[in-house]
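Q: What follows is a structure written as C-alpha cells; I'll ask about it next.
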Amino acid sequence: MYPMRRSDREQGEEFALSLIDHCSHGVMSIHTSEAFPYCLPLSFVRNGNCLYFHCAKAGGRKLDLLHANPNVCITFVGGDEPEFVAPNTYTTYFQSAIVTGTAVEVTDQAEMIEALRLLCEKLMPEHMSGFSHAIQSTLAATSVWRVDIAEARGKQKKRPVNC
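Heads up: the sequence shown begins at 34 in my numbering, then just goes up one per residue.
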C-alpha cells in the first residue's frame with residue numbers, strides 16, 4: 034500500500050465501502066498497451082467484498098482490455114463542496130474512495146441475476162416491479178462483471194466546525 038501524503042484525511046475501509054454504497058457511479062481505470070489508461074464511468078453495486086457492473090455482451094474496447102489485463106482501479110467521489118474561505122483560500126470539502134481489484138466475468142446465471150437485482154434496487158428501488166420482465170428480455174445480451182476488491186481506501190476533507 035502506497036502511503037497517503039495527507040494521512041490526516043485518510044479514512045479506513047469501512048468508510049470507503051459505505052461511500053461506495055451511496056454513490057450512483059464510479060470511474061474505472063483499465064490498463065492499455067498505449068501510453069494512457071482507459072477510464073470510464075460505470076454504475077456499481079457492492080455485495081460484500083465485491084463490486085458488480087454490467088455492460089453489453091457484444092464486446093468493445095472495455096471488454097477487450099479486461100480480458101487482456103483484469104487489474105482495475107475504481108474511483109468514487111461523494112460530497113464534493115467547493116468553497117472560498119476569505120481572504121484568499123479556495124478549497125473543496127469532499128469524500129472519496131479508491132478501490133483496486135481484479136475484474137472477473139460472471140458466468141453463473143444466478144449470480145448475474147442477483148447482481149443485476151442489487152444494482153436495480155440501489156439505483157431504482159421504486160421500479161422493481163418490472164425487474165423480472167427486464168431480466169427475461171435482456172439477460173441474454175448482458176454481460177455482468179465482478180470486481181474482487183483487493184484494497185479499498187477512503188479520504189475525506191471535512192468542513193470545519195465553527196464555534
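Backbone N, C-alpha and C fix where the C-beta goes; we use that ideal spot for every residue, glycine too.
State the Cα-Cα distance for the pair N121 and K191, rounded to the nearest angstrom.
A: Position 88 of the sequence shown, counting from 1, holds the residue named residue 121. Position 158 of the sequence shown, counting from 1, holds the residue named residue 191. Roughly 19 Å separates the two Cα atoms.
Q: Determine the contact status of M37 and R186, defining contact as a CB-CB distance below 9 Å.
A: Indexing the sequence shown from 1 puts residue 37 at position 4. Indexing the sequence shown from 1 puts residue 186 at position 153. Yes, the pair counts as a contact, with Cβ atoms nearer than the cut-off.
Q: Of the residues V105, P70, N104, F109, which one's Cα is nearest the Cα of S76?
A: In the sequence shown, residue 76 corresponds to position 43, counting from 1. Measuring from the Cα of S76, the nearest candidate turns out to be F109.
Q: Report the option in Q189, R179, T125 whose CA atom is closest to the CA atom of E144.
A: Taking the first residue of the sequence shown as 1, we reach residue 144 at position 111. Cα-wise, what sits closest to E144 is R179.
Q: How far does the alpha helix (DSSP H) with F69 in it reach, from first residue to last?
A: Along the sequence shown, read from residue 1 onward, the residue named residue 69 stands at position 36. Taken as a continuous stretch (DSSP letters only), F69 belongs to no alpha helix (DSSP H), as it is neither H nor E.
Q: Per DSSP, what are the beta-bridge partners of A167 in this structure?
A: Reading the sequence shown from its first residue, position 134 is the one you call residue 167. DSSP lists no partner for A167.
Q: Return the CA-CA distance between A148 and Q44, expressed in angstroms with no decimal places.
A: Walking along the sequence shown from the start, residue 148 turns up at place 115. Walking along the sequence shown from the start, residue 44 turns up at place 11. Each residue's Cα considered, the two are about 27 Å apart.
Q: In this structure, what does DSSP give as the bridge partners for V194?
A: Position 161 of the sequence shown, counted from the first residue, corresponds to residue 194. Beta-bridge pairing links V194 to no other residue.
Q: CA-CA distance, S170 and M161?
A: Your numbering for residue 170 matches position 137 in the sequence shown. Your numbering for residue 161 matches position 128 in the sequence shown. In a straight line, the C-alpha of S170 is about 15 Å away from that of M161.
Q: Just how far apart, CA to CA, sit S40 and I168?
A: In the sequence shown, the residue the question calls residue 40 occupies position 7. In the sequence shown, the residue the question calls residue 168 occupies position 135. Their backbone Cα atoms lie some 44 Å apart in a straight line.
Q: Evaluate F86 with the Cβ neighbour count: other Cβ atoms within 10 Å of its Cβ, from every protein chain shown; 16 or more gives buried, anything less gives exposed.
A: If you number the sequence shown from 1, residue 86 lands on position 53. With 16 or more Cβ atoms within 10 Å of its Cβ, F86 is classed as buried.
Q: How would you write the range of the beta strand (DSSP E) that C56 sits in, first residue to last?
A: In the sequence shown, counting from the first residue as 1, residue 56 sits at position 23. From DSSP, C56 is part of no beta strand (DSSP E); its letter is neither H nor E.
Q: Rounded to a whole number of angstroms, what is the C-alpha to C-alpha distance between C196 and T124?
A: Counted from its first residue, the sequence shown places residue 196 at position 163. Counted from its first residue, the sequence shown places residue 124 at position 91. Model confidence at C196 stands at a pLDDT of 38, short of 50, so the residue's coordinates are unreliable; what they give is reported in the following sentence. Going from the Cα of C196 to the Cα of T124 covers about 20 Å.
Q: If you draw a straight line from the alpha carbon of K95 to that of Y71, how long is it in whole angstroms?
A: Position 62 of the sequence shown, counting from 1, holds the residue named residue 95. Position 38 of the sequence shown, counting from 1, holds the residue named residue 71. Each residue's alpha carbon lies about 8 Å from the other.
Q: Could you have a look at D97 and say whether DSSP puts it in helix, strand or coil?
A: As a working mapping, residue 97 is identified with position 64 in the sequence shown. Helix at D97.
Q: In angstroms with no decimal places, state the Cα-to-Cα distance between G111 and L156.
A: The count along the sequence shown starts at 1 and reaches residue 111 at position 78. The count along the sequence shown starts at 1 and reaches residue 156 at position 123. Looking at the two C-alpha atoms, the distance is approximately 16 Å.
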